[in-house]
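Those protein sequence lines, which keep their order, are chains Y and R.
The numbers in the numbering used here rise by one with no breaks, and the one at position 343 of the first sequence is 343.
The numbers in the numbering used here rise by one with no breaks, and the one at position 257 of the second sequence is 257.
Beta carbons: idealized from backbone N, C-alpha and C, even for Gly.
What you are looking at is a predicted structure, and each value in this text was computed from that prediction instead of being measured.
The structure under discussion appears below in the form of structure tokens.
2 protein chains.
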Amino acid sequence: MIVSRAVTDNLSKASWIRRMFEEGARLKQERGADKVFDFTLGNPEIEPPPAVLAAARRVLESTAPHLHAYMPNAGHVKVREAIAGRLRVSTGLPYTANHVLMTVGAGAALNTVLKALLDPGDEVLTVAPFFAEYTFYAENHGGKLIVVPPRADLTPDVAKLEAAITPRTRAILVNSPNNPSGVIYPGETFVEIEAMLARAARPIVLVSDEPYRALVFDGVAVPEVPPLVRRSIVATSWSKSLAIPGERIGYLAFSPRLPEAAELFEACTFTSRVLGFVNAPALWQWVVAEVGDQVIDVGPYREKRDLMYEGLTRIGYQCVKPQGAFYVFPKTPIPDDVAFVRLLAEEGVLTVPGSGFGMPGHIRISLTVERDTVVRALPGFERAFKKARG
Amino acid sequence: MIVSRAVTDNLSKASWIRRMFEEGARLKQERGADKVFDFTLGNPEIEPPPAVLAAARRVLESTAPHLHAYMPNAGHVKVREAIAGRLRVSTGLPYTANHVLMTVGAGAALNTVLKALLDPGDEVLTVAPFFAEYTFYAENHGGKLIVVPPRADLTPDVAKLEAAITPRTRAILVNSPNNPSGVIYPGETFVEIEAMLARAARPIVLVSDEPYRALVFDGVAVPEVPPLVRRSIVATSWSKSLAIPGERIGYLAFSPRLPEAAELFEACTFTSRVLGFVNAPALWQWVVAEVGDQVIDVGPYREKRDLMYEGLTRIGYQCVKPQGAFYVFPKTPIPDDVAFVRLLAEEGVLTVPGSGFGMPGHIRISLTVERDTVVRALPGFERAFKKARG
């Protein structure tokens, strides 16, 4: 055996997910791709706004020197200043270029900050349901992810979070709008978290992972975290808001209210470099500096959310109504979500079990599909529901 | 203290490098930037070939769908097929798309493969002088870098490599053309390494880090490693050959002769994902598939190499003549390279001590400067040499 034990273990744990993907591929082969409704992938099917592609073309046409060269590992100062300017407006806090570190997407941002925070054995708290990769991100740096159950509305139960704090807790990692639930954590949650952190025996940082911030419906506002929580760091990307997930561009923003902001900025500049990110792709840095406040049309996602949410609740599924992101996360009619995912697959409907997100008894339905796919899949959702209840 | 002990330790170890950078900045402020000759940074000052920027513009103008969307974590299959096709030609080995994993540059490639290979306490051998980041890349994944001294010509001493093998040795990591020495390891070295690996008690992989492969002078050919070493993996990037280091695009190529190629491809697809790279930037994948075999004009680098190498040897410096990359790595006239770097700085000449590359008694001179800078700096190199000898 040549692959490390740690990776071998992770791959074998992940093998049931792979088996399900293979089952999906087999189904498509057997029945024809148009008879299989694949709700497993969070891959935006829409194209970037034309202004984004136009901005990228302008960078490539520019005769300015060194646009594609190395730059400070934290990113181009002008780009970071542009992001800081937007953050000053949205938060009212005095962000500067030295509070912003450009990253190779949000996954890079999270690994960069967790490596800066964690020594072996340190703990990161998160709230179920959570983005499955968090487990790996913590373990990459010797840390351990501790998952805390949510309230019934799938928002954080801050009393339970506080009970989970130990002397090894270094960070709390939250994701709102949430993947997989689409739930937006209310401002009140962060007020409670702030009070809790103020009572903690040593500094604990709140890391707010916000790639879905711009994808919200019904006029709901996503609370800005830094004005509410003193020790906060925002990690995000433009993958969803500009529909460029393949391009890997995001940032870490260290709150000006964070007493250790300068120390963490320096540490993360180092960890981003030595983890091999080196810097965020230069071209896309220039692009987001110019048009990073654009947002794709969220109308189609809202429409699909409405269709799926209303369709499922009409059938009898219990579900918290998602207010953002592009997922629906209903309860399964039987407690065994993996068994229910198999029932759905028999109907040609592919979903992901909630167990993968620390929340058994649920399934994640990704809406990055055609509207028509939602309409045509609902009868399958109904038949599986009845079979399970039958 | 909020930053992890591990990162704090690394930052404090690195602080003398930072002090030297600060000293350089102070010098430029004091004397004027035109009186300071900065040979510390390996940042190509040239622009990408026009065909590269044109290919990128074509991607942005294309109406094909999903060009900027997620793709398989290993990269677009068509892109990997294009790279595999080039590797078939250059090596004569039957590479396919499943032997090629697109990465966020070579630093990402190395972290991706080291995480797949190393469990805590495992060892990676390398040969001095070596790219300083290797230490961090190994330690990121719980590994340890073991540095083996080279022969007098700065090529690997394979007998010493073999003596350094322990039951924890998992990989040998070499870099040719070499940063910092510019030396190209000859084919014979790899023949010896192959014989050594064949004698080893358990599989050890040779990781060949080759970002400077295309930057060679005097018609010298860089030996292809996979035909010579059965268990080999190539890590590389287009940072230097296309002068796009800010864009972060490279690959890992698992040799078709490597018995564990499929296993390592799968493991690295996983580690690339969970380390937060997710995938190599989509736009640049399409670009390198099309024009990745272009190479910048190496003429100016050769000219600067000649000027610097001849200038230094005329003064009395001892130096192996670099045949590739864009560095010169002379011996210092006194054993204490850090002290000599300070003497040079007094002359306005900024260089990096060889200690940083596992090779005290040397300095690294990076030629990513104007030709004129080389000419104007040589008197400073001469004065410092005489002072040191004086």
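- Interface with chain R (8 angstroms Cβ-Cβ cutoff): Tyr301(Y) is excluded.
- At a C-beta separation below 9 angstroms, Leu110(R) has these neighbours in chain Y: Gly276.
- Sequence-distant Cβ neighbours of Lys160(Y) in its own chain, meaning closer than 8 angstroms and more than five residues away, are Val148 and Pro149.
- Burial state of Ala116(R) is buried, judged by a 10 Å Cβ sphere holding 16 or more other Cβ atoms.
- Not one beta carbon of chain R lies nearer than 8 angstroms to the beta carbon of Ile365(Y).
- Contacts with chain R (Cβ-Cβ distance below 9 angstroms) from the segment 170-192 of chain Y involve Arg170, listed in chain order.
- Assignment of beta strand (DSSP E) within the segment 138-221 of chain Y, counting only whole runs of 3 or more residues, yields 144-148, 169-175 and 205-209 in chain order.
- Minimum Cα-Cα distance from Pro227(Y) among the listed residues Ala56(Y), Ala235(Y), Pro256(Y) and Val220(Y) corresponds to Pro256(Y).
- Neighbourhood of Tyr70(R) in chain Y, by CB distance below 7 angstroms: Asn43, Pro245 and Gly246, in chain order.
- Beta-bridge analysis with DSSP links Leu101(Y) to Leu252(Y).
- Counting C-beta atoms within 10 angstroms of its own C-beta, Asp122(Y) has 16 or more neighbours from the protein chains shown and is therefore classed as buried.
- When C-beta distances to chain Y are compared with 8 angstroms, the residues of the segment 261-274 of chain R below that value are Glu263, Leu264, Glu266, Ala267, Phe270, Thr271, Arg273 and Val274, in chain order.
- Contact between Lys331(R) and Gln323(R) fails: their C-beta atoms lie close to 18 angstroms from each other, not under 8 angstroms.
- Distances from the alpha-carbon of Ile46(R) to those of Arg371(R), Lys387(R), Ala384(R) and Phe381(R) put Arg371(R) closest.
- Nearest in C-alpha terms to Phe136(Y), of all of Lys387(Y), Pro49(Y), Pro167(Y) and Ala14(Y), is Ala14(Y).
- Taking the beta carbon of Asp119(Y) as reference, the chain R residues within 7 angstroms of it are Ser4, Arg5 and Ala6, listed in sequence order.
- Residues of chain Y with a Cβ closer than 8 angstroms to the Cβ of Gly105(R) are, in chain order, Gly276 and Val278.
- About 7 angstroms separates the Cβ atoms of Gly354(R) and Phe329(R), confirming a contact at the 8 angstroms cut-off.
- The Cβ of Ala195(R) sits no closer than 8 angstroms to any Cβ of chain Y.
- Residues of chain R with a Cβ closer than 8 angstroms to the Cβ of Asn10(Y) are, in chain order, Phe270 and Val274.
- Counting only Cβ-Cβ distances below 7 angstroms, Asn140(R) has contacts in chain Y at Val274 and Leu275, in chain order.
- In this structure Val127(R) is buried. Its beta-carbon is surrounded by 16 or more other beta-carbon atoms within 10 angstroms.
- Using a Cβ distance threshold of 8 angstroms, Ala152(R) and Lys144(R) do not count as a contacting pair.
- Rounded to whole angstroms, the separation of the alpha carbons of Arg170(R) and Ala201(R) is 11 angstroms.
- Per DSSP, the beta bridge partners of Ala235(Y) are Asp209(Y) and Leu252(Y).
- If you check each beta-carbon in the segment 202-218 of chain R against every beta-carbon of chain Y, the ones closer than 8 angstroms belong to Pro203 and Val205.
- By alpha-carbon distance to Trp286(Y), the top candidate from Thr40(R), Ala235(R), Glu266(R) and Gly246(R) is Gly246(R).
- Residue-level contact by beta carbon holds for Lys115(Y) and chain R, with a gap shorter than 8 angstroms.
- By the C-beta density criterion, Gly390(R) is exposed, having fewer than 16 other C-beta atoms within 10 angstroms.
- If you keep only unbroken beta strand (DSSP E) runs of at least 3 residues inside the segment 22-88 of chain Y, you get nothing at all.
- Between Glu133(Y) and chain R, the shortest Cβ-Cβ separation is below 8 angstroms.
- For Val291(R), the uninterrupted alpha helix (DSSP H) run begins and ends at Ala282 to Val291, by DSSP.
- In this structure, Pro281(R) places its C-beta atom within 8 angstroms of the C-beta atom of Pro281(Y).
- Look at Ala25(R): its C-beta is not under 8 angstroms from any C-beta on chain Y.
- DSSP places Thr126(R) in the strand class (E or B) of the three-state scheme.
- C-alpha of Asn279(Y) to C-alpha of Thr103(Y): approximately 6 angstroms in a straight line.
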